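Each number in the numbering used here corresponds to the 1-based position in the sequence shown with 75 added. All C-beta atoms in this analysis are idealised placements derived from N, C-alpha and C, irrespective of residue type, glycine included. If you're wondering where the values come from, they're calculated on a predicted model, not measured in any experiment.
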Amino acid sequence: MIPYGNDIEKAAQIIKAGGLVAFPTETVYGLGASAFNKVAVARIFEVKQRPSFDPLIVHISSIDQLNMLFESPIEPLVYKLAELFWPGPLTIVHKKKAGVPDIITSGLDTVAVRMPSHTTARKLIELAEIPIAAPSANRFGRISPTKPQHVQKQLTGVEYLLTSDEAVKIGIESTVVAIDGDTCNILRPGAITLEHLTNNGIKAESNKEKASKALSSPGLLKSHYAPLKPLYMFSRLPETFPSNSGIIVHSNKYNLPDNIKTAITSDNNTMTEIAANLFESLHQMEDDPSIDNIFIEVVEKNGIGIAIMDRVQKAAFHTEQRYL
């Protein structure tokens with residue numbers, strides 16, 4: 076078991092000494108190391124069993140730290156996005172400074188950066204006095220963690236698991252955008268939607284073809300966020316389910332059989348609640364030994380529903396994204 080507690084100063088000292096710390100953000104739990112310690116960052120890949128071609132996000136606690144990561148001149152749009160959405164669940168991809176380790180960027184000339192809004196995460200980065208490279212604190216390709224126990228069941232070899240009374244509120248990873256002059260392209264959908272960007276005067280697009288040409292952002296692989304059991308999607312509740320099934324639905328309107336294990340992400344189909352509880356419901360189904368197959372209700376691809384379905388479809392990739 077990973078040693079755990081709420082001692083932020085201890086966690087910061089571990090980061091400074093080249094160790095790994097799992098810590099909460101407003102999106103999911105991250106697995107952090109000093110961004111400029113190549114050996115420590117390499118251990119992130121080792122512990123997560125993450126392929127080296129998948130770049131990491133670097134977390135900062137102040138705008139001043141951008142000067143350590145982004146090549147000058149920094150695009151004006153970066154500062155506009157930061158003013159609107161930082162601290163918060165938006166990651167910005169920009170041309171990197173030469174000193175940013177290639178292991179973080181998978182050899183690309185860009186680096187992904189965000190400023191989390193979670194108080195514990197921000198304080199950890201501040202006390203560590205260095206940007207922290209941190210993907211989600213799970214085994215590569217598995218369900219993302221939103222609670223400390225999700226980290227404990229998937230990872231070993233981590234020096235400390237930092238806990239907090241402050242909840243992981245959003246529950247899915249950050250929106251990632253790439254800067255191209257006065258335009259930003261959404262590489263990975265998240266809680267900051269295309270509508271959020273355009274309604275604030277940002278010229279934005281969601282260009283999947285452009286995003287797929289290179290893994291310039293985490294979360295672009297076809298299979299990701301997956302439970303260890305088969306996951307099937309449905310748009311209309313089937314009349315019958317196989318025995319030993321678990322069902323994830325997004326409202327309490329269904330009259331489900333008593334012998335079917337059920338997880339309800341939202342009482343009334345509220346998208347932010349569905350997002351916040353999505354990974355927790357998948358963990359719940361994965362951890363139940365009486366469940367062999369998992370079925371999950373789909374949502375409409377509008378607003379944050381785009382991000383929810385991005386995670387669900389990738390989690391269900393190995394069952395051919397089958398709709399019932």
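Distance cut-off 7 Å: residue i Cβ against heavy atoms of the ligand HEM
| i | result |
| --- | --- |
| S249 | Among the components of this structure there are no ligands whatsoever, and the ligand HEM is therefore not found. |
Bridge partners - residue i, DSSP secondary structure assignment
| i | result |
| --- | --- |
| H169 | V186 |
| D255 | T258 |
| E372 | F309 |
| A338 | I323 |
| F98 | G105 |
| T250 | L165 |
| F145 | K171 |
| I132 | A187 |
| Y79 | L236 |
| N343 | S326 |
| R217 | A301 |
Per-residue burial, residue i [other beta carbons within 10 Å of its own, 16 or more giving buried]
| i | result |
| --- | --- |
| N352 | buried |
| N213 | buried |
| E101 | buried |
| I109 | Per the sequence shown, residue 109 should be read as Ser rather than Ile. Classification for S109: buried. |
| S211 | buried |
| F128 | exposed |
| A286 | At A286 the pLDDT is 48, less than 50, meaning the model places this residue with poor confidence and gives no usable figure here. |
| T195 | buried |
| G265 | buried |
| R189 | buried |
| P130 | buried |
| A403 | Examination of residue 403 is not possible in this model, given that the chain is present from 76 through 399 alone. |
Chain-order list of residues whose beta-carbon lies under 7 Å from that of residue i (same chain, five-residue window excluded)
| i | result |
| --- | --- |
| G380 | M346, V374 |
| L202 | I83, E84, A87 |
| S192 | E101, P162, G163 |
| E146 | K170, K171, K172 |
| A391 | L306, Y307, M308 |
| V114 | G93 |
| K198 | I83 |
| N112 | G93 |
Among the options, nearest to residue i - alpha-carbon criterion
| i | options | result |
| --- | --- | --- |
| S356 | I218, I138, T250 | I218 |
| G216 | P206, F120, A157, T268 | F120 |
| I90 | P220, V252, N319, L106 | L106 |
| T238 | S192, E248, Q224, L272 | Q224 |
| F160 | E241, V251, V116, V226 | V251 |
| T340 | I366, Q359, N330, D333 | Q359 |
| I335 | L183, H193, A390, D363 | D363 |
| I135 | A208, M384, D129 | A208 |
| F316 | P332, L131, E241 | P332 |
| K278 | I178, A301, P302, A253 | A253 |
| N344 | F354, N142, E361, S326 | S326 |
| E248 | F354, I205, N260, E158 | F354 |
| E361 | A301, I205, A196 | A301 |
| G276 | E158, V116, I138, A266 | E158 |
| P148 | G256, V133, G321, S310 | G256 |
| V103 | G321, A350, V387 | A350 |
| T180 | V133, L156, S137, K389 | V133 |
| G246 | P220, L262, V233 | P220 |
| L262 | L165, L303, K304 | L165 |
Simplified DSSP assignment, three categories, for residue i
| i | result |
| --- | --- |
| N274 | helix |
| A86 | helix |
| K198 | helix |
| G105 | strand |
| S318 | coil |
| L230 | coil |
| S211 | strand |
| Y329 | coil |
| A279 | strand |
| L236 | strand |
| Y398 | Because the pLDDT at Y398 is just 48, under 50, the model does not fix this residue reliably, and the point stays unresolved. |
| Y300 | coil |
| N20 | The structure shown has nothing for residue 20, since the chain only spans 76 to 399. |
| R263 | strand |
Chain-order list of residues whose beta-carbon lies under 6 Å from that of residue i (same chain, five-residue window excluded)
| i | result |
| --- | --- |
| I323 | A338, S356, I371 |
| E403 | A question about residue 403 goes unanswered here, because the residues of the chain that appear run from 76 up to 399. |
Close beta carbons around residue i, own chain, < 8 Å, minus the five adjacent residues each side
| i | result |
| --- | --- |
| Y79 | P223, Q227, Y235, L236, L237, T238 |
| N319 | S365, I366, D367, N368 |
| T268 | T250, G378, I379, I381, A382 |
| D184 | K170, K171 |
| Q124 | R214, F215 |
Residue-level contact to chain B via CB, residue i, 8 Å cutoff
| i | result |
| --- | --- |
| L131 | In the displayed structure, chain B is absent; only one protein chain is listed. |
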